[in-house]
Structure formats: C-alpha cells, structure tokens
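Notes for the one structure printed next.
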Amino acid sequence: MTGAGIDTALLESLAGQGLTVRRPASPLTEDLLARELRGAVAYLHGGEERATARVLRKAKTLKVVAFLGVGYENFVDVAAADRLGIAVTNTPGAATDAVATFTVTQIVNANLGIPRHLGERVPGWQGSDELPHELAARRVGIIGMGANGRRIAEILRRGFGVRVSYYSRTRRPDAERDLGISYLPLLDLAAGSDILVVMVPETGETRSMIDSSVISRMPEGAILVNTARPAIVSPGALYAGLEKGRVSMAVFDGFYGQECEEAGELRRDFPDRLLVTGHIASHTAEAMHRMVRQAVKSIENVLTYGSDEHEVGTRPRPRF
1 MTGAGIDTAL
11 LESLAGQGLT
21 VRRPASPLTE
31 DLLARELRGA
41 VAYLHGGEER
51 ATARVLRKAK
61 TLKVVAFLGV
71 GYENFVDVAA
81 ADRLGIAVTN
91 TPGAATDAVA
101 TFTVTQIVNA
111 NLGIPRHLGE
121 RVPGWQGSDE
131 LPHELAARRV
141 GIIGMGANGR
151 RIAEILRRGF
161 GVRVSYYSRT
171 RRPDAERDLG
181 ISYLPLLDLA
191 AGSDILVVMV
201 PETGETRSMI
211 DSSVISRMPE
221 GAILVNTARP
231 AIVSPGALYA
241 GLEKGRVSMA
251 VFDGFYGQEC
261 EEAGELRRDF
271 PDRLLVTGHI
281 ASHTAEAMHR
291 MVRQAVKSIE
301 NVLTYGSDEH
311 EVGTRPRPRF
C-alpha cells in the first residue's frame, strides 16, 4: 500500500484473505516500487507512484492494482496490466462530493480575491474597480462533464445561480436538461467564461490541452481553476496568459514538478496570482474512508471471484 491519509484499520478485513499489509515510505521510484511488489498479490495505490509496464512485468505474483480515485490513467499502465492478466480497479464516485466542494470553494476564493486579503483587519480598497463580482454575475465554463464536473455544475447552478457552460468529449444532454447548462466547443467555452474550470483526467490526449490557443481566447482578467492534474495546462501558455493579463489568477491543486523549469518561473514572477494547494481536493476523512473501503472490497472480489465491478481494463475475466 502507498499513499498518505489511509486509516489502516480499514484494511483489517484483508487479514481474512490471509494477507499481510506492507506500507513502505512513499513516494517510491519506479525501481523501488518494483522491489516492493515482489511477492505481492495486491497493490492498493494511494500515492504518486507510476505502475509502469516495466514495474508490472516484474510483479510476477500481482493479481490486482486497486487505485484510490478515478484518474488512474497517468499512474497505472492499464494496457500492460491487461496483457499480464492483472486487474486494475478505481473508486468512482467515492470522492465526488469532496472534489466538487473543494473546487467550488476555490472558485469562490479566487473570484472574491480572498487570498489577497488574508490577515488584513480593514479593507484595503483603492477604488471601485477593485471590487469583486458576485458569483451569480460570472460565467463559469467547465471542461469535463464526468461525475465531478457534473457535481460542480450542480452546486454552482442550484447553490449560486451561476450561468454554467461546459465542454466534454462526450456531450451530456441529460446534464444540460437537468441542470440548465449549455454545451460549447472548447475555444468558444474559453471565450465565454469568466472562470474556466479544468476537470478532466490526465492522459496523452488531455496533456497540455489548455494551451495558448485556449488561454488566448479567455476574456481579459479571467480565472483559471485546475483541480485535476497540472499537466493538463501548458505551463508556458499559462505564463503568457498571466503576463498579458488574460489570466488574473490561476488555481491549482497540485503543481508542476521540480523538473519543470517554467514552474519555477511561474512561482517567481506571479506569486500573488497563483493559488496552489498540494493535491488535497479528495482528502476528507469521509472521502478517504469511502475510497479505501471500495478499494479493499475490489481487492477481495478479485482475489475471491476473479473480477470486480470497478475494473477499468479489458482483460478477459469471469462475470462478476
């Protein structure tokens, strides 16, 4: 098992499967992960490790990788797991409320400029042009209308009366009908959004999806909120957007790694216009408990019955 914030008491049922839980210090390099998986039959993946094809090939006894969360694509080579007959599961829905609530909270923080005023005892306004807008007066665009995107839209529409549009690879007529939101092509969405929210998984297709063509279409002074993965936003394009005033504030839950030179430049040149947290959107006690319980049940199902309803791969398996 890897990752932080996991209550080991939730793993006690695995002892009934004759399993012993091993919890190494995390995060692990690729070589260290391969070493830790020697002799393992199950891997509860709650950290930042990459279960690559090379790692999985060396895990001769591994039967299942149970990923905490939904965005497994950048952390587990599912195609390799399929070839090796290893089940890969995730925990859909378990953290939806936590992620959506966190994202809406950051939208509110950024829209009202709260980070600029923390610690101030009296208002420091210089003029009326600095006054923030009410959320209901803003246009919010959401990129990605999966469970998290839909829940964010629901809170914004029903809780704040916000005008919401979205872009998704698959159009969602049911969400449009139920929530009163509208679909727009990506560039049109960027052009029509005072606040642009990124809520798609990181894949080869979505990496740097928010590039200069998207950011250059955003209205001047727009807010970019990315509580998905940082790599979905091109750091170079973000730098240009902040420099030119196209983006007034950028919100990230998790930031680019130290190997990204542009990340250092962003922090150096725009410290007051970045609102960065450490990948904590899903880290509530309730969400973590739901995810771990669901992952443990998936491990038990794969080891007992050979399959689980939350498998994400295409390996041949018995009907669950």
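Quick note: the sequence shown uses UniProt numbering, first residue 1, plus one each step. All residues carry an ideal CB built from backbone N, CA and C; glycine is no exception. For clarity, every value in this text was computed on a predicted model and none was experimentally measured.
Rounded straight-line distance, which links the Cα of residue j to that of residue i
i	j	result
valine 65	leucine 56	10 angstroms
valine 21	leucine 242	46 angstroms
glycine 161	alanine 136	5 angstroms
histidine 45	alanine 94	15 angstroms
Per-residue DSSP class, three states only, for residue i
i	result
methionine 145	coil
arginine 229	coil
glutamate 300	helix
threonine 277	strand
leucine 33	helix
glycine 180	coil
leucine 187	helix
Pair within 9 angstroms by beta-carbon distance, residue i and residue j
i	j	result
threonine 61	glycine 39	yes
arginine 163	valine 140	yes
phenylalanine 102	alanine 228	no
valine 247	isoleucine 223	yes
alanine 231	glutamate 202	yes
leucine 179	valine 104	no
alanine 59	leucine 37	yes
leucine 28	glycine 47	yes
leucine 189	isoleucine 143	yes
Contacts around residue i, its chain only, beta-carbon distance under 6 angstroms, and the 5 residues preceding and following it disregarded
i	result
tyrosine 72	Asn90
valine 88	Val65, Val76, Val78, Ala81, Val312, Gly313
serine 212	Ala237
asparagine 33	Reading off the sequence shown, one finds leucine at residue 33, where the question assumed asparagine. Around leucine 33: Glu49, Val55.
methionine 249	Ala110, Ile223, Arg273
Contacts around residue i, its chain only, beta-carbon distance under 8 angstroms, and the 5 residues preceding and following it disregarded
i	result
asparagine 301	Ser307, Asp308, Glu309, Phe320
arginine 172	Met145, Arg150, Tyr166, Tyr183
histidine 289	Asp7, Leu10
Where the alpha helix (DSSP H) containing residue i begins and where it ends
i	result
aspartate 97	96-112
Segment limits, beta strand (DSSP E) that includes residue i
i	result
aspartate 194	No beta strand (DSSP E) contains aspartate 194, which DSSP labels as neither H nor E.
arginine 163	163-167
serine 248	247-253
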